[in-house]
């Protein structure tokens with residue numbers, strides 16, 4: 019059967035016959051035939067069909083794959099780079115669908131990260147990503163080696179940083195999450211991406227790092243790192259707003275310092291990555307913006323316009339006074355009396371402006387005399 023498929027592979031117009039043979043082999047669970055066709059067939063479409071058939075066998079009858087795993091690892095050492103990439107791709111799918119089958123071979127997967135082909139590196143890195151989400155215990159003993167490769171293999175730095183972040187959270191390995199957040203460039207992006215994924219699984223694990231995420235926003239010049247950190251804070255603000263609200267003032271400072279004029283005048287809210295975070299925590303961000311407007315030497319009207327654009331609320335002195343008073347009382351109840359008094363004083367100022375506007379027969383603007 020394998021010889022027949024190989025001969026058919028040399029006749030392009032008979033590829034449909036090869037496809038039919040693949041389907042028959044899939045029904046029989048003939049892994050050797052499917053493996054040969056996938057690894058060796060020169061026709062990409064036929065090879066892809068063989069890979070899909072192997073995936074179906076892996077999901078439905080993984081015990082049939084187990085005796086033949088060795089062949090794919092041997093193919094990782096083949097001189098034909100196309101064959102090595104296909105073998106790595108199969109192992110990546112195996113890690114996704116039947117990770118337990120690869121647990122005894124983790125060390126060999128990590129060795130394959132040093133392959134000269136970027137395609138092999140990427141597929142093996144994807145395999146490790148699948149494994150770490152399902153069997154982190156299998157990768158924990160190799161954390162030092164993975165960290166070494168993170169510094170030596172730039173093509174997969176992002177993916178390996180994700181793997182190390184999962185290991186730090188779920189296996190307690192080194193480097194710790196705090197140390198990983200000190201990484202730069204693509205590696206930091208991988209760490210932040212993993213934090214975003216873990217947030218949806220165990221949000222309570224991410225909460226202790228909210229301050230670090232805000233610090234990254236304040237200090238990094240890497241726009242993509244800013245977007246990743248903002249994305250995590252935005253999702254956390256939606257699911258657990260109480261953990262993000264204490265940083266509302268710092269986030270507002272970032273908005274003011276990084277282009278509020280462009281946000282308001284050009285109407286491009288995504289220009290500043292921290293904008294969506296504020297949108298998720300209106301109970302804290304609107305008072306923080308109102309407070310900033312009171313002490314702003316210039317751009318006060320822009321801040322009011324920004325509130326209207328972002329939250330679709332008509333800004334009046336009475337409205338801002340009410341939100342500041344609510345926020346102030348809330349902070350006092352939480353024991354933050356000094357910070358709460360600042361908001362209560364701001365509320366009094368806005369109420370004073372509301373009375374002045376009423377006496378003048380005017381309304382609408384929050385600006386005072």
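In this note's numbering, the protein residues as written are 19 to 387.
Glycine included, each C-beta is placed from N, C-alpha and C at the ideal position.
By the beta-carbon neighbour count (other beta carbons within 10 angstroms, threshold 16), residue 132 is exposed.
For residue 42, the closest alpha carbon among the candidates 68, 184, 263 and 58 is that of 68. Residue 142 sits close to residue 130, with the two beta carbons spaced by under 7 Å. Distance between residue 357 and residue 347, taken at the CA atoms: about 10 Å. In this structure, DSSP gives residue 61 a state outside helix and strand, which the three-state scheme calls coil. Note on geometry: alpha-carbon atoms of residue 89 and residue 138 lie some 16 Å from one another. Contact between residue 303 and residue 270 holds, since their C-beta atoms are separated by about 7 Å, short of 8 Å. Membership of residue 129 in the alpha helix (DSSP H) is indicated by the continuous run 124-130. 361 is the residue among 329, 355 and 361 whose C-alpha sits nearest the C-alpha of residue 344.
Residues 308, 309, 312 and 342 of the same chain have their beta carbon placed closer than 7 Å to that of residue 364, with the five preceding and five following residues left out of the count. At a Cβ-Cβ threshold of 7 Å, residue 91 and residue 126 count as neighbours. Look at residue 193 here: in three-state DSSP terms it is coil, with no helix or strand label. Scanning 122, 244 and 217 for the CA closest to the CA of residue 188 turns up 217.
Judged by DSSP secondary structure, residue 158 falls outside any alpha helix (DSSP H); it is assigned neither H nor E.
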